[in-house]
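See structure below.
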Amino acid sequence: MHAQPFLRVSTAGLCALLIASSAAAQDCLLGPVTLPGLAGAPEWFDMNGDGFFRAELHDPRWSGAPFQLLTALPSGGLTSWAEDAAVRVVADGKLLYVSLQAQVDDNGPNLQDAAYFAFNQGSSNGGYAVEILPIAGAAVTVPATYPQDPQLPTRLDPPAPAPDPGAVRWWSTTDANPAVGDPNWGVSQNAVPSWLKYIGRWDRPSGSPRWAITFVLDLSPTGLNISGPMKMFWGAKMHNSIGTDVILGNVTPKVAADTDKISDTIIPFRSSQWAAVTEPGTACTSGVTLDRSDVGVWTGTAGSASPGTLTNQICTGASCGGTGENTFRVTARKADNSGGIAAWDLRARVRIADWGSTIADRNLGPWKDVTLPAGTAVFSADAPPAVGSPFTAANGWYWVGAPADAGDPSTSNITIDFHCNKGADAYCPKLTDPTATHQCVLVELGERDASKFKFRNTAVYRNMDYQGLSTSSVPATISIQGLKALTGQAKDRDVYLYIETRNLPPHGREPLWLNAKDLALARQIAETPFQVPTKPGVRVDNPLGKVAGVKAQAKAPAKPAAAKAAVAPAAAVDVPSPAARLAQSTQKFANGLRVSSAFTMDRNQLLDAVWPTYRIRPYIDTGKTVVTRGAAHRLLEPMVPFGYRLDHDGALYGFSHALEGLGANLVFVAPNWYKVVIPSEAAIHVQTTITAQEKPLSPENCPTCPSCPTPVEHGHCNCRFVGADEHGLPLTLGALTALGMAAVVRRRRRK
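So the sequence shown is numbered by my numbering: it starts at 186 and just counts up by one.
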């Protein structure tokens, strides 16, 4: 029997990243996406001086921010202009990473084009406005091994000298209230201000966008030191070959005939006309919610709600019913339906990366589009019944209705399917390595109507996957591609594989059950961020109970006899939210961990403590040694780990698991440790098999042992399963030292 997993998402081999693009009048700024070996904000220049960056206009980390089409037209503007420009804004604390893009410009960037933005001082008086011209800029050298676009960016700010003093103009006002009256913006300044950094200009002769400007805006205490909610304007002017200025903004921009604008720009001079956003760095608290359990490969009919399940397996042939075609499904929840929801109000972009484990380096991460149209064009495409709309069954797209939520009729769930057409290929999507079905999937949601939805849960990544059992057998790739460029050496490498297990008791004779409530609660706390109030009167968003800081009426204090005729208002007291009650309770998980302790743990610590977990940690032998207590040990460097979180319905009698090489020679070196030689710039393939044993251990039904390495490790069934000592201890220097090895953590900051 294959038990149905508690978590409906596919499992081993599929890691999901769910991202949402937001509305034009967005009320919060979203953070960057964190990928394996690729954390932090986008970095198109070497911003931190460590020698590594990605010269990509569409660095995957941008996906954590909304792709916002600029649709506001000026007076006299043509509707055909709408969506000819777009903006993305990533907030990494008080640093804003901005990409202003000219989607359409038939004669490319020139001195008659411009990107514009403006913002006020938040809680303080005053504001700033900036114009950037997309001039050529200073060339930037990018190592050939780094991910990069065919057309590299150029730089318009120091330390690469700006080639034209007119590339940047900016204005400022200190008026007490620039939102009203006629604020004085003064004269323009041409020197690049210290709070405007890393200005990149992108000239792309083909495709969309045609050109773009990227930059970093420093609102931190060392920059402009802005706090509180803000007003912002984003806009662009594209001068085309027939002499027309196409002008767009996130709110109504100005033209030459308007007088209520800053100098000769398109920026309205009153900040009250700009869009409002919450303080950068604060979380979005309402809107569309996305969950890891709502993306995967759909086994049912595309466009049908049932029957079918979400699975982890990206099939390459017979496993997809012989068709060789996968249907990707993503469901967005809590979409506001008060204004109605039409088909394709939301869109999905799906990207895939071929990896199991790679060297833990920011330069890797080969994301490629699965869905068509590719890239951000999926968000600007026409919806049916427009002629030429790509969103048809013939092109693989399906919309699975938008019924009202049972618990909240004001919101709906929206499910989108994309059925991949293999064409002349053997299967779809075509993988670099057809044996490597351990994949990461990046799903980005967006909307064409840039005012329809707000989003709350916008970026979720996991490199651990939830797997329903009885038995799972999943291949994965372990690659050292890129190591030659990093080390300057082309050589085969010893790679050590450590099998880490937690909460996986071995096959035995006594039945046991996984506590579904514990698993659900741990996952909910780990995946849904919220604040626990630390003092009375603090209101918090609370996804665990939807009740926060509710005021209750307490009995009023007694009054003196002379004042009895007056009725005093009841005093207000705080009723703790469900989240606060959990954080303060004595409740425990079945393993004895206090629930209150979960609120001080990071996501992986909590899930490791409660969920059955199987993880492979690869390490590269650097060829160097380190001396510990007088003994020399080989120095290992960690790669990206991968693995699975496991679930099972009903009774079981423990777990068994095995690791084998697929065409690779795994050499047993110690319990839970293997070594394999990987040729320079190559990859090997392994397969993990994990079984939830549904019958008690006995001589008659002893499970079939995998081939035992030499020397034979005796144990259950006269053969020790890989990792059968299920203590779940974390890897320590002591464990490595026992093998004559030591681990080193690369000091360069991961980006």
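C-beta atoms are modelled at their ideal positions from N, C-alpha and C, and glycine is treated no differently.
CA-to-CA distance, residue j to residue i, given in whole angstroms
i: Pro319; j: Cys469; result: 33 Å
i: Val811; j: Asn580; result: 57 Å
i: Pro414; j: Ala461; result: 7 Å
i: Ala528; j: Ala568; result: 8 Å
i: Ala545; j: Met824; result: Caution is warranted here: a pLDDT of 47 is assigned to Ala545, below 50, making its placement in the model unreliable, and no coordinate value can be reported.
i: Val275; j: Tyr282; result: 5 Å
i: Glu128; j: Gly835; result: This structure cannot speak to residue 128, because the chain is shown only from 186 to 936.
i: Leu820; j: Val289; result: 52 Å
i: Pro864; j: Lys676; result: 7 Å
i: Thr807; j: Thr330; result: 20 Å
i: Pro227; j: Lys639; result: 23 Å
i: Ser471; j: Gly278; result: 20 Å
i: Met232; j: Leu296; result: 27 Å
i: Ala224; j: Pro245; result: 10 Å
i: Thr399; j: Val327; result: 17 Å
i: Ala533; j: Asp269; result: 20 Å
i: Asp787; j: Leu704; result: 16 Å
i: Asn310; j: Gly366; result: 14 Å
Proximity winner among the options, relative to residue i (alpha-carbon distances)
i: Ala442; options: Thr330, Ile452, Asp521; result: Ile452
i: Ala816; options: Leu831, Ala927, Thr785; result: Ala927
i: Val272; options: Leu285, Ala768, Ile663; result: Leu285
i: Trp459; options: Gly472, Thr494, Ser471, Gly434; result: Gly434
i: Glu879; options: Ala783, Gln253, Asn511, Gly693; result: Gly693
i: Tyr383; options: Phe238, Pro335, Gly466; result: Phe238
i: Ile869; options: Arg779, Leu831, Thr771, Arg678; result: Arg678
i: Arg381; options: Cys500, Lys615, Gly808, Arg340; result: Arg is not the amino acid found at residue 381; the sequence shown has Leu there. Out of Cys500, Lys615, Gly808, Arg340, Arg340 has the C-alpha closest to the C-alpha of Leu381.
i: Leu255; options: Arg633, Pro691, Pro690, Leu402; result: Arg633
i: Ala591; options: Asp298, Lys519, Asn789; result: Lys519
i: Trp584; options: Gly573, Pro575, Asp602; result: Asp602
i: Ala138; options: Thr508, Thr686, Lys637, Val626; result: What the structure shows of the chain is the stretch from 186 to 936, and residue 138 is not part of that stretch, so it cannot be assessed.
i: Gly261; options: Ala324, Ser456, Ile432; result: Ile432
i: Arg779; options: Leu837, Ala707, Gly392; result: Ala707
i: Thr596; options: Asn857, Val473, Ser448; result: Val473
i: Ala299; options: Pro217, Lys422, Ala352; result: Lys422
i: Pro217; options: Gly234, Phe252, Gly236, Asp235; result: Phe252
i: Leu164; options: Ala589, Thr600, Leu682; result: Only positions 186 to 936 of the chain appear in the structure, and residue 164 is not among them; the question remains open.
i: Tyr804; options: Thr798, Phe853, Ile663; result: Ile663
i: Leu668; options: Arg455, Val680, Ala323; result: Val680
i: Leu851; options: Leu682, Pro406, Asn362, Ala701; result: Leu682
i: Asn700; options: Glu685, Val628, Thr686, Pro797; result: Pro797
i: Asp530; options: Val555, Asn598, Val572; result: Asn598
i: Asn420; options: Ala849, Ala257, Ala711, Gln872; result: According to the sequence shown, residue 420 is Gly rather than Asn. The option with the nearest alpha carbon to Gly420 is Ala257.
i: Lys553; options: Gly351, Arg800, Leu627, Val563; result: Leu627
Chain-order list of residues whose beta-carbon lies under 7 Å from that of residue i (same chain, five-residue window excluded)
i: Ser412; result: Gly307, Ser308, Glu464
i: Ser574; result: Ala566, Asp567, Ala568
i: Arg389; result: Gln336, Arg395, Trp396
i: Cys613; result: Gly509, Glu510, Asn511, Cys605, Asn606, Lys607
Residue i - partner residues in DSSP beta bridges
i: Gln253; result: Val272
i: Pro344; result: DSSP lists no partner for Pro344.
i: Val370; result: Inspection of the sequence shows that residue 370 is occupied by Trp rather than by Val. Note: Trp370 sits in no beta bridge, so no partner.
i: Glu685; result: Arg800
i: Tyr163; result: Outside the shown range of the chain (186 to 936) lies residue 163, about which nothing can therefore be said.
i: Trp247; result: BP columns for Trp247 are empty, so no partner.
i: Pro492; result: Answer by DSSP bridge pairing: none, since Pro492 is not bridged.
i: Lys809; result: Paired residue(s): none; Lys809 is not in a bridge.
i: Leu381; result: Leu402
i: Met417; result: Phe304, Ala460
i: Lys773; result: Arg779
i: Thr662; result: His870
i: Tyr838; result: Looking at the DSSP assignment, Tyr838 forms no beta bridge with any residue, so it has no partner.
i: Pro823; result: Tyr804
i: Gln878; result: DSSP output for Gln878 lists no bridge partner at all.
Short Cβ contact (8 Å threshold) for residue i with residue j
i: Ala578; j: Asn522; result: no
i: Tyr313; j: Ser357; result: yes
i: Pro338; j: Trp396; result: no
i: Gly481; j: Arg514; result: yes
i: Thr450; j: Glu316; result: yes
Sequence-distant residues of the same chain with beta carbon closer than 8 Å to residue i, five excluded per side
i: Ser781; result: Leu767, Ala768, Gln769, Ser770, Thr771, Gln772
Other residues of its chain near residue i: CB distance less than 6 Å, five sequence neighbours each side excluded
i: Ala250; result: Leu215, Arg273, Val274, Val275
i: Gly839; result: Pro690, Pro691, His692, Gly693, Gln878
i: Gly485; result: Pro492, Gly493
i: Gly408; result: Trp380
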